[in-house]
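**Q** Take a look at the following structure, please.
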Amino acid sequence: MIEWYASFSKGHPIVHKAIVSGIMIAIIGTIVMTLHYESGIGLLILLGFLPVLLFFGGASEYKKKYLQG
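Be aware that the sequence shown starts at 4, since it is given in the numbering used here, and climbs by one per residue.
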């Protein structure tokens, strides 16, 4: 799946940037919600974003290593 997304992001860079920007906006919104309301649910949501960030990081490394050329 990482290989597929890496090749997709190389072929569609604008869509990739929109996806990553949306995720970053959601993460920042969750951080603000957590700090403002001091809610435990916000922390759980942030933990839910962790696998997504790891996936995008892995796809980015794969793209740099194998798809640049």
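Positions of the beta carbon are idealized from the N, C-alpha and C atoms, including for glycine. Every value quoted in this text rests on a predicted model; they were computed, and no experiment measured them.
Using the Cα positions of Ser63 and Ile26, report the straight-line distance between them to the nearest angstrom.
**A** Computed Cα separation, rounded: 15 Å.
**Q** What does a CB cutoff of less than 6 Å around His19 pick up in its chain, not counting 5 residues either side in sequence?
**A** Only Ser12 meet the Cβ criterion.
**Q** With three or more C-beta pairs closer than 8 Å as the rule, is the region 31-43 touching the region 53-68?
**A** Flag = no, the region 53-68 and the region 31-43 do not touch.
**Q** Sorted by chain position, which residues of the same chain lie with C-beta nearer than 8 Å to Leu70's C-beta, five sequence neighbours on each side aside?
**A** Only Ala9, Ser10, Lys13 meet the Cβ criterion.
**Q** Taking Ala29 as the reference, give the member of Pro16, Leu46, Ile17 with the closest Cα.
**A** Ala29 has its Cα closest to that of Leu46, out of Pro16, Leu46, Ile17.
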